[in-house]
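Residue numbers (my numbering), protein chains in the order written: chain A, 2 to 521; chain B, 2 to 521. The beta carbon of each residue, even a glycine, is placed where N, CA and C say it ideally should be. Treat the numbers as computed from the prediction; the structure is a model and nothing was measured.
2 protein chains.
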Amino acid sequence: MTLMTSVLVSANLGKNHAAFSARMAQVNDLLSASSLLTWDSRTMMPPGAVVCRGHQTATLTMLAREILVSDETLRLLDASEADAHMLAEDAPERRALQQTREAIAMHRRIPAALQKERAELRSTAQAAWIQARAEDRYALFAPYLEKTVELARQLAEAIGYSEHPYDALMSLFEPGETVATLQLLFAELRAGLLPVVRAIAEKPAPPSDFLRRDYPELLQEKFAIEIAKKFGYDLTRGRLDATVHPFEISFTRDDVRITTRYSRNYLPASLFGVLHETGHALYEQGVDPAYTRTPLATDLPGLYAVGGVSFGAHESQSRLWENHVGRSRTFWALHYPALRQTFPDQLSDVSEEAFYRAINRVQPGLIRVEADELTYDFHVMMRTELESDLIAGKLSVAELPEAWNALMKRDLGVVVPDNRRGVLQDIHWSSGQIGTFCNYTIGNVMAAQLYAQATQEDAVIEQALATGDYQPLWQWLGDRIYQHGRRFSRDELLIKATGRKLDSAPYIAYLSNKYTSLYA
Amino acid sequence: MTLMTSVLVSANLGKNHAAFSARMAQVNDLLSASSLLTWDSRTMMPPGAVVCRGHQTATLTMLAREILVSDETLRLLDASEADAHMLAEDAPERRALQQTREAIAMHRRIPAALQKERAELRSTAQAAWIQARAEDRYALFAPYLEKTVELARQLAEAIGYSEHPYDALMSLFEPGETVATLQLLFAELRAGLLPVVRAIAEKPAPPSDFLRRDYPELLQEKFAIEIAKKFGYDLTRGRLDATVHPFEISFTRDDVRITTRYSRNYLPASLFGVLHETGHALYEQGVDPAYTRTPLATDLPGLYAVGGVSFGAHESQSRLWENHVGRSRTFWALHYPALRQTFPDQLSDVSEEAFYRAINRVQPGLIRVEADELTYDFHVMMRTELESDLIAGKLSVAELPEAWNALMKRDLGVVVPDNRRGVLQDIHWSSGQIGTFCNYTIGNVMAAQLYAQATQEDAVIEQALATGDYQPLWQWLGDRIYQHGRRFSRDELLIKATGRKLDSAPYIAYLSNKYTSLYA
Numbered sequence: 002m003t004l005m006t007s008v009l010v011s012a013n014l015g016k017n018h019a020a021f022s023a024r025m026a027q028v029n030d031l032l033s034a035s036s037l038l039t040w041d042s043r044t045m046m047p048p049g050a051v052v053c054r055g056h057q058t059a060t061l062t063m064l065a066r067e068i069l070v071s072d073e074t075l076r077l078l079d080a081s082e083a084d085a086h087m088l089a090e091d092a093p094e095r096r097a098l099q100q101t102r103e104a105i106a107m108h109r110r111i112p113a114a115l116q117k118e119r120a121e122l123r124s125t126a127q128a129a130w131i132q133a134r135a136e137d138r139y140a141l142f143a144p145y146l147e148k149t150v151e152l153a154r155q156l157a158e159a160i161g162y163s164e165h166p167y168d169a170l171m172s173l174f175e176p177g178e179t180v181a182t183l184q185l186l187f188a189e190l191r192a193g194l195l196p197v198v199r200a201i202a203e204k205p206a207p208p209s210d211f212l213r214r215d216y217p218e219l220l221q222e223k224f225a226i227e228i229a230k231k232f233g234y235d236l237t238r239g240r241l242d243a244t245v246h247p248f249e250i251s252f253t254r255d256d257v258r259i260t261t262r263y264s265r266n267y268l269p270a271s272l273f274g275v276l277h278e279t280g281h282a283l284y285e286q287g288v289d290p291a292y293t294r295t296p297l298a299t300d301l302p303g304l305y306a307v308g309g310v311s312f313g314a315h316e317s318q319s320r321l322w323e324n325h326v327g328r329s330r331t332f333w334a335l336h337y338p339a340l341r342q343t344f345p346d347q348l349s350d351v352s353e354e355a356f357y358r359a360i361n362r363v364q365p366g367l368i369r370v371e372a373d374e375l376t377y378d379f380h381v382m383m384r385t386e387l388e389s390d391l392i393a394g395k396l397s398v399a400e401l402p403e404a405w406n407a408l409m410k411r412d413l414g415v416v417v418p419d420n421r422r423g424v425l426q427d428i429h430w431s432s433g434q435i436g437t438f439c440n441y442t443i444g445n446v447m448a449a450q451l452y453a454q455a456t457q458e459d460a461v462i463e464q465a466l467a468t469g470d471y472q473p474l475w476q477w478l479g480d481r482i483y484q485h486g487r488r489f490s491r492d493e494l495l496i497k498a499t500g501r502k503l504d505s506a507p508y509i510a511y512l513s514n515k516y517t518s519l520y521a
Numbered sequence: 002m003t004l005m006t007s008v009l010v011s012a013n014l015g016k017n018h019a020a021f022s023a024r025m026a027q028v029n030d031l032l033s034a035s036s037l038l039t040w041d042s043r044t045m046m047p048p049g050a051v052v053c054r055g056h057q058t059a060t061l062t063m064l065a066r067e068i069l070v071s072d073e074t075l076r077l078l079d080a081s082e083a084d085a086h087m088l089a090e091d092a093p094e095r096r097a098l099q100q101t102r103e104a105i106a107m108h109r110r111i112p113a114a115l116q117k118e119r120a121e122l123r124s125t126a127q128a129a130w131i132q133a134r135a136e137d138r139y140a141l142f143a144p145y146l147e148k149t150v151e152l153a154r155q156l157a158e159a160i161g162y163s164e165h166p167y168d169a170l171m172s173l174f175e176p177g178e179t180v181a182t183l184q185l186l187f188a189e190l191r192a193g194l195l196p197v198v199r200a201i202a203e204k205p206a207p208p209s210d211f212l213r214r215d216y217p218e219l220l221q222e223k224f225a226i227e228i229a230k231k232f233g234y235d236l237t238r239g240r241l242d243a244t245v246h247p248f249e250i251s252f253t254r255d256d257v258r259i260t261t262r263y264s265r266n267y268l269p270a271s272l273f274g275v276l277h278e279t280g281h282a283l284y285e286q287g288v289d290p291a292y293t294r295t296p297l298a299t300d301l302p303g304l305y306a307v308g309g310v311s312f313g314a315h316e317s318q319s320r321l322w323e324n325h326v327g328r329s330r331t332f333w334a335l336h337y338p339a340l341r342q343t344f345p346d347q348l349s350d351v352s353e354e355a356f357y358r359a360i361n362r363v364q365p366g367l368i369r370v371e372a373d374e375l376t377y378d379f380h381v382m383m384r385t386e387l388e389s390d391l392i393a394g395k396l397s398v399a400e401l402p403e404a405w406n407a408l409m410k411r412d413l414g415v416v417v418p419d420n421r422r423g424v425l426q427d428i429h430w431s432s433g434q435i436g437t438f439c440n441y442t443i444g445n446v447m448a449a450q451l452y453a454q455a456t457q458e459d460a461v462i463e464q465a466l467a468t469g470d471y472q473p474l475w476q477w478l479g480d481r482i483y484q485h486g487r488r489f490s491r492d493e494l495l496i497k498a499t500g501r502k503l504d505s506a507p508y509i510a511y512l513s514n515k516y517t518s519l520y521a
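Here is the structure:
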């Protein structure tokens, strides 16, 4: 990809801007270090270190916030802005200044006491949730969820909003998205996808039991990492490790790590998990090097070192590489022989077509993280509905399980047998996160929009995919998305790349075509 | 071991002390995080991350220093000291306050410009040294060493000293030690050990070629980690990884990690390496938990998160467990069968006695890190002599290689064939470290003094060692040394533990007896 190497510490902007940039680099260093401590705690750390590690990451994040909101940073920001007015409105330097100003204002609006209370709640709520889930006793978790919702409401009031308090919460993860915009999007998805789901429910399921044979972990790793490298994952600036809950994390574009969980008796878990995290990693590795350690590679509102512009935009890349590329017929036409060579005994009686059908099997189920591509968004949409109703006070924590079960029945036609497999299944609420489920669906929609545009715009991309050359697609995404880091908003990026804001049509078309043909 | 769980945030000391302790906990968090970044950079980090990682660790250390020397910390320190005068002079709280005051004063005496110059030099000198060593061209490194010596002199002037500028440099690693005290110590060692070295030079060397057979790394690891666990290394608060230059590092007592380098064709390297680092780890893991995140577990002058009191005291524990325990006849009488079981083919024709002799073979050589127990200190003593002469201006950088070679000839009777295997062999000078070689020998002396005292004081300790029970020795060391962290000075600890300050007699007696008997 062609990297636009804009120099953020522009000579014209003078000493103030250099001092401002140095301070913002410290903020990024602290948040990058905090992320490394998090990576370590989930991959390498001995169990005895958990309490001290909590203190360490809290200190790093707290100091990053202190430096960000300090009078000194604001003074340098004022001086730099005065110097920067001659730059274009969307010049990287001006965008960095503007985003820093907004983040400082936001952080200053949040009372320290509220932040403290939220941190304290997190440290107790998770243990309560773990116990509640283990014993299937919602009542054990309800008081903590009550408090979490209450503090989230306070946070929303502090951040501020025009229409719905939930909008304020979403602004931390998916800036610009609102309850109103989501209602429209969700209505389109429902109208477009429910008929496909319902039609498939009538059809016989393809066999997939062979995916649960014995697949040694080391061979899984070997195969998946080869694909990740083909996609463009640069292992001189990354690595793959095992963990319990897989994730991608970065400490500048020069150190972008992914993790996976090997399930010896279920091949797709790690295989598609690695492709998913690789998509995230390609985004981070592709950010313009000139943005390294600047606000354009730092989530200042969220106090998190990341180069991608929103959680949804990030998810678009994981889903694009996992699904549009990795679960496609083209992909397996090319790579199934190598997979069969890796697992000759396990796959000797499985044809390419049978494998392709099995990894794309649709089955409405109870658990979000196990959902297939077609039903996944229904899990997301119901959670978003429930969350926004909780925040608005339209739904009480006591009524939540019943509301949950009703929506599962309505959308997916499944009966929730217990709260463990229902309302208690996700970790999000116990860690204080409200307002972040929608990112998954936005990622799906955005992935389809970008993939459709890329392949329509340049025929070479699909030709190359058919030969296992992922470079043209990677380069297109790098040019349109990755390199820009956090300079443009998600919708600005989409407009530049596809001519329009987030649009559900390509996603609905993709899923309808793929699954109608699969279950024809 | 019985842990004295003194509570450092004493209610009597009130709010000021609590605020002071919270700030010092931040300092420790930052330095612990910096150490984790260092650990990661040497074990896990992809190569592309090296530049950004440098920025990150520099930022963390710089912020730790800023918080330490800030007016706010000084204000809280003043207020806490006013409250603390009713405590005993050696109460942990008072010692923590006193050490913080001294560290602040020291850091404030060092000009920021000098620190900056030292950091910049480090980043270029190491590359020059690597090239100079590879090409055996001392002239490539000489200008950097010139500058390093010059900046070290300036540092010594800033820190301050009464007799010799080298004393100021040593105070960073081995507080209390001076050129004068070392001259006495070295004279004793020379007088006591040179005759033994000379006598052995006449004797035939025991065979040791079987140590260079094929020893698969995984089996080496398995054997060594079992011994480390027996010694008392708690793997719920630690872990072992592979690296190029082995080290021990800690991020509080609850996360103490060791590393080793497996040499497939040289068994002793990793075997004794792991026992050595385990000794360091036992020290860190044994510090009073009440000192966690306090100045009593933080090297404030050195800006380093560590619980041990001096580099020499730390080395005493690595050498004690590696040599007094791990290279003893008692140890191998007990563990050789298990080693032979681990490597049946490699050791089938090697008797326990032959093995014991081989791992204790004496051979005056060129390279410090390959030296045996008996000749090691001569490498250290000559470096210390040369360093202090360089700092005093008695020796020039140009004259150094010749002086080096002359001392090697004088003490060990070896002829240095090139500078690669002479004056260019150590990394220390290229990383700006001057004043730290003596720690190795002080560690050896202190190890012997403690081991002799422990075994004389309590007969159970040696009886237990003979049965493979390391708990009584570990407990004695924990009570006398480990638990105290940085509360007492090295000599205070020695006086409490053995009734006297650092004393070379037990060390000379130990080496003389062991090697005279081995080579009888």
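From what residue to what residue does the beta strand (DSSP E) around residue i run?
{"i": "Ile259 of chain A", "result": "Val257 to Thr261"}
{"i": "Leu348 of chain A", "result": "No beta strand (DSSP E) contains Leu348 of chain A, which is instead part of the alpha helix (DSSP H) from Pro345 to Leu348."}
{"i": "Leu241 of chain A", "result": "Gly239 to Ala243"}
{"i": "Glu203 of chain A", "result": "Glu203 of chain A -> no beta strand (DSSP E), and no H or E assigned at all."}
{"i": "Glu249 of chain B", "result": "Glu249 to Ser251"}
Looking at chain A, is there any beta carbon in it that lies within less than 9 Å of the beta carbon of residue i?
{"i": "Ser33 of chain B", "result": "yes"}
{"i": "Met171 of chain B", "result": "no"}
{"i": "Met46 of chain B", "result": "yes"}
{"i": "Ala314 of chain B", "result": "no"}
{"i": "Asp255 of chain B", "result": "yes"}
{"i": "Cys439 of chain B", "result": "no"}
On the DSSP letters alone, give me the boundaries of the alpha helix (DSSP H) that residue i sits inside.
{"i": "Gly280 of chain B", "result": "Leu268 to Gln286"}
{"i": "Glu463 of chain A", "result": "Ala460 to Ala467"}
{"i": "Ala20 of chain B", "result": "Gly15 to Thr44"}
{"i": "Tyr508 of chain A", "result": "Ala506 to Leu519"}
{"i": "His246 of chain A", "result": "No alpha helix (DSSP H) contains His246 of chain A, which DSSP labels as neither H nor E."}
{"i": "Ser124 of chain B", "result": "Ala113 to Glu136"}
{"i": "Glu227 of chain A", "result": "Glu218 to Phe232"}
Within 9 Å of any Cβ in chain B, is that where the Cβ of residue i sits?
{"i": "Pro217 of chain A", "result": "no"}
{"i": "Phe232 of chain A", "result": "no"}
{"i": "Phe356 of chain A", "result": "no"}
Relative to the alpha-carbon of residue i, which residue among the options has its alpha-carbon at the smallest distance?
{"i": "Ala23 of chain B", "options": "A:Glu463, A:Ala59, A:Lys497 and A:Asn29", "result": "A:Ala59"}
{"i": "His380 of chain B", "options": "B:Tyr441, B:Pro176, B:Pro47 and B:Val446", "result": "B:Tyr441"}
{"i": "Val307 of chain B", "options": "B:Arg258, B:Ala355 and B:Thr74", "result": "B:Arg258"}
{"i": "Asp378 of chain B", "options": "B:Leu194, B:Asp256 and B:Leu387", "result": "B:Leu194"}
{"i": "Tyr267 of chain B", "options": "B:Phe312, B:Ala206, B:Phe344 and B:Ala339", "result": "B:Phe344"}
{"i": "Ala50 of chain A", "options": "B:Val51, B:Leu37 and B:Ala355", "result": "B:Leu37"}
{"i": "Pro365 of chain A", "options": "A:Asp41, A:Val197 and A:Glu118", "result": "A:Val197"}
Could you check if residue i is buried or exposed, using at least 16 other CB atoms within 10 Å of its CB as the buried criterion?
{"i": "Asn514 of chain A", "result": "exposed"}
{"i": "Ala83 of chain A", "result": "exposed"}
Self-check item: Where the stretch 61–82 of chain A meets chain B: residues whose CB sits under 9 Å from a CB there
Solution: Answer set for the stretch 61–82 of chain A: Leu61, Met63, Leu64 and Ile68.
Exercise. Scan the stretch 462–485 of chain B for residues whose Cβ lies nearer than 7 Å to a Cβ of chain A and list them as they occur along the chain.
Key: Cβ contacts with chain A come from no residue of the stretch 462–485 of chain B.
Practice problem: Select from the stretch 50–61 of chain A all residues with a C-beta closer than 9 Å to any C-beta belonging to chain B, and list them in chain order. | Solution: Those residues of the stretch 50–61 of chain A that come within reach of chain B (Cβ to Cβ, closer than 9 Å) are Ala50, Val51, Val52, Cys53, Arg54, His56, Gln57, Thr58, Ala59, Thr60 and Leu61.
Self-check item: Interfacial residues, the stretch 95–121 of chain B to chain A, with Cβ spacing under 9 Å
Solution: Against chain A - using a Cβ distance shorter than 9 Å - the stretch 95–121 of chain B contributes no residues.
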